[in-house]
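Reviewing the structure listed below.
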Amino acid sequence: MVDLVVVGGGMAGLAAGYEAKRRGLNVLVLEAARPGGKVQTIRDAGFVVEAGPDAVVRYKPWALALAQELGLEGEIVGTLPAKPAALIYTGGRGHPLPEGLNVVIPSRLGPLVKTPLLSPLGKLRAALDLVLPRGPEGDEAFGRFIQRRLGKEVWERLAAPLTGGIYGGDPEALSLLAAFPQLKKLEKEHRSLILGSLKAMKKRRASREKGSLFVSFREGLGELPEALARELGGSLKTGVRAESIEVLASGYRVRTNEGPIETRLLVLTTPAPQTAELLRPLGFDALDALTEIPYHSAATVTFAFEKAKMPPREGHGILFARGEGFSARGFTWLDQKWPHRAPQGMALARAYFSGREAEAEPEEQKALALSDLKRLLGKLPPVLRAWVGRFEKGMPAYTVGHAGRVARIEEAERAYPGLALAGAAYRGVGIPEVVRDGREAVKRLLERES
-2 MVDLVVVGGG MAGLAAGYEA KRRGLNVLVL EAARPGGKVQ TIRDAGFVVE
48 AGPDAVVRYK PWALALAQEL GLEGEIVGTL PAKPAALIYT GGRGHPLPEG
98 LNVVIPSRLG PLVKTPLLSP LGKLRAALDL VLPRGPEGDE AFGRFIQRRL
148 GKEVWERLAA PLTGGIYGGD PEALSLLAAF PQLKKLEKEH RSLILGSLKA
198 MKKRRASREK GSLFVSFREG LGELPEALAR ELGGSLKTGV RAESIEVLAS
248 GYRVRTNEGP IETRLLVLTT PAPQTAELLR PLGFDALDAL TEIPYHSAAT
298 VTFAFEKAKM PPREGHGILF ARGEGFSARG FTWLDQKWPH RAPQGMALAR
348 AYFSGREAEA EPEEQKALAL SDLKRLLGKL PPVLRAWVGR FEKGMPAYTV
398 GHAGRVARIE EAERAYPGLA LAGAAYRGVG IPEVVRDGRE AVKRLLERES
């Protein structure tokens, strides 16, 4: 019998395994496919391409703290200087993001007044936030919240493109309390989101003095799961799929495609539907909460071009406002955003898809991305290389009521000594959050034992 089995070798599972091993536990991390989950770095002929996420945010410390523990501090890189860094396409052209955004909330009146993203009426409607009363208590749809406080234009031309690029799916249906609890807190404490953001951003700027908001690693985000895999060594078992779980008097038996494993403690970091199926024979009391967490698909298409023949590209990338007729959510200019991503003289353009387009066949996705790129930039040189990243039903959606579902799952978990659930389905979808969740799951189990 081992001390701990972790089912799932994505970022949460690898972090849980690392935390367990660091504490001296005999641990096994079981991964059916490849470690790292959606963090997939492709290194090909001098190109460094991210199939999934391409950055972590500096002010959420958990991923960078782990990187430092793993000796990766010297590999951390920030984004290349660019002003503007990002644009939003609306009305037939790209416009720079207003400076000083707190998530999606303007925190400076000057950039809000000057931005061409909003019409004069849209700006006046956004300014009403300064005098509007607080809204109702409790959860609400994120799209409704932003439109209630700042108006429809801010939602369609600013908030929806930005959050759609982070969460994918339908950003309007996101749970405010689960996805953006800090914005509800701003309304509660300051009434006005703009006034509250003025104060919040002063603190945020202090945390960014050490470097750029977004960071990665010299050889891509894949350096982090690769370092965790090295630390785990033989404790990481790939090609091993958990098929069922049984409760024992002294722990759990995990039946896998390579035979049973008995363990004192068990952490499940699999997607919520898979976790529900594993726990169903145990009579887990929150199966409905697990199955109510919806998942959507995401995909990326990255093209390499000869840089000298590319039309001009501005900043690090561009997002598309609603109703502009593009298939992709936006493009990132990887060679302009990060150092060390392309050989000399090469350019990289990456499209991001979610929803129906993310479930299309790879060749169709390439065609859609190339069509969008031609519409955006004009005549293009020949594509030299192309890479596709696909995550079918790989992204959990935090819809209204998510916090309540997670509370029910946590309550049901406490009824099973030695069991913990962790991962992107519960308390945050970003790399920092899932790293924290995996490590906290191990700490939670050990505290229950003490």
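With the numbering used here as the guide, the letters of the sequence shown map in order to residues -2 to 447.
Backbone N, C-alpha and C fix where the C-beta goes; we use that ideal spot for every residue, glycine too.
These figures come from a predicted structure and were not determined experimentally.
Identify which residue in the options has its Cα closest to the Cα of residue i.
i	options	result
leucine 180	Pro168, Leu367 and Gly193	Gly193
glycine 140	Arg131, Gly161 and Thr288	Gly161
leucine 284	Ala417, Glu274, Leu374 and Pro81	Glu274
valine 380	Glu430, Met343 and Arg441	Met343
leucine 262	Ala9, Ala13, Met8 and Gly6	Ala13
alanine 170	Ile290, Met307, Ile39 and Glu358	Ile290
glycine 236	Arg310, Leu218, Arg227 and Glu255	Glu255
glycine 280	Ala412, Tyr15 and Arg55	Ala412
glutamate 437	Ser209, Trp59, Ile39 and Gly5	Trp59
lysine 185	Val54, Gly352 and Pro133	Pro133
alanine 269	Arg424, Leu127, Pro158 and Ala318	Arg424
arginine 122	Glu137, Tyr164, Lys149 and Leu98	Lys149
histidine 187	Ile163, Arg131 and Phe214	Arg131
arginine 55	Arg310, Gly320, Thr288 and Ser209	Ser209
leucine 69	Ile85, Ala156, Ala364 and Glu220	Glu220
proline 50	Asn99, Tyr164, Arg31 and Val100	Tyr164
alanine 157	Ala318, Pro178, Glu407 and Lys80	Ala318
glycine 435	Gly6, Glu303, Gly10 and Asp0	Gly10
leucine 114	Ala124, Val151, Phe177 and Val244	Val151
glutamate 321	Met8, Arg154 and Asp41	Arg154
glutamate 228	Asp0, Arg19, Val(-1) and Glu444	Arg19
proline 309	Ser294, Thr272, Leu373 and Glu410	Leu373
glutamate 408	Leu287, Lys306 and Leu370	Leu287
threonine 260	Gln271, Ser247, Thr272 and Thr267	Ser247
leucine 84	Leu125, Ala124, Leu159 and Lys182	Leu159
Rounded to whole angstroms, how far is the Cβ of residue i from the Cβ of residue j, which I believe are closer than 8 Å?
i	j	result
proline 78	proline 95	In fact, because the Cβ distance is near 19 Å, the residues do not count as touching under 8 Å.
valine 53	proline 429	6 Å
valine 2	proline 336	No, valine 2 and proline 336 are not in contact; Cβ-Cβ is about 39 Å, not under 8 Å.
isoleucine 102	leucine 174	Actually they do not touch by this definition, with Cβ atoms about 16 Å apart.
valine 432	leucine 63	5 Å
threonine 418	leucine 225	Threonine is not the amino acid found at residue 418; the sequence shown has leucine there. 20 Å between Cβ atoms; not a contact.
leucine 365	alanine 325	7 Å
valine 439	alanine 17	5 Å
glycine 420	leucine 442	The pair is not a contact, with the Cβ atoms about 15 Å apart (cut-off 8 Å).
valine -1	isoleucine 258	7 Å
Would DSSP call residue i helix, strand or coil?
i	result
glutamate 206	Note that glutamate 206 has pLDDT 45, beneath the 50 cutoff, so the model's placement of it is unreliable and no number is given.
leucine 114	coil
alanine 383	strand
valine 237	coil
tryptophan 59	helix
alanine 17	helix
alanine 9	helix
histidine 187	helix
tyrosine 249	strand
aspartate 41	strand
arginine 411	coil
valine 432	helix
methionine -2	coil
arginine 90	strand
threonine 266	coil
glycine 161	helix
leucine 377	coil
serine 194	helix
serine 324	coil
glycine 33	coil
arginine 310	coil
glycine 401	helix
serine 368	helix
glycine 166	coil
serine 447	coil
lysine 80	coil
glutamate 96	coil
Heavy atom of the ligand NAD less than 7 Å from the Cβ of residue i, yes or no?
i	result
valine 151	No copy of the ligand NAD appears in this structure; indeed no ligand is present at all.
So that I know if they touch, is there some Cβ in chain C lying closer than 8 Å to that of residue i?
i	result
arginine 19	Note that chain C does not occur in the displayed structure, where there is just one protein chain.
message = Quick check: the region 345 to 356 against the region 366 to 385, are at least 3 beta-carbon pairs closer than 8 Å?
response = Below 8 Å, enough C-beta pairs join the region 366 to 385 and the region 345 to 356 to call them touching: three or more.
inquiry  = Using a Cβ distance threshold of 8 Å, determine whether the region 18 to 25 contacts the region 392 to 411, with at least three qualifying pairs required.
reply    = These segments do not touch.
inquiry  = Assess contact between the region 352 to 368 and the region 307 to 315, defined as three or more Cβ pairs (one per stretch) separated by less than 8 Å. Is contact present?
reply    = Not touching, per the Cβ criterion.
Every unbroken alpha helix (DSSP H) inside the region 117 to 150 [4 residues or more] = Correct list: 117 to 124 and 139 to 147.
Whole beta strand (DSSP E) elements within the region 211 to 237, 3-residue minimum = Runs found: 211 to 214 and 233 to 235.
Beta strand (DSSP E) runs wholly inside the region 326 to 358, at least 3 long, in chain order = Along the length of the region 326 to 358, whole beta strand (DSSP E) runs at least 3 residues long occupy 327 to 330 and 343 to 351, reported in chain order.
query = Taking one C-beta from the region 290 to 308 and one from the region 140 to 157 each time, how about it: are there three or more such pairs within less than 8 Å?
reply = Flag = no, the region 290 to 308 and the region 140 to 157 do not touch.
inquiry  = Contact between the region 384 to 400 and the region 323 to 336 is defined here as three or more beta-carbon pairs at a separation below 8 Å; is this criterion met?
reply    = These segments do not touch.
task = Could you pull out every unbroken alpha helix (DSSP H) segment of at least 4 residues lying fully inside the region 271 to 307, listed in chain order?
result = Fully enclosed alpha helix (DSSP H) runs of no fewer than 4 residues occupy 284 to 288 of the region 271 to 307, in order along the chain.
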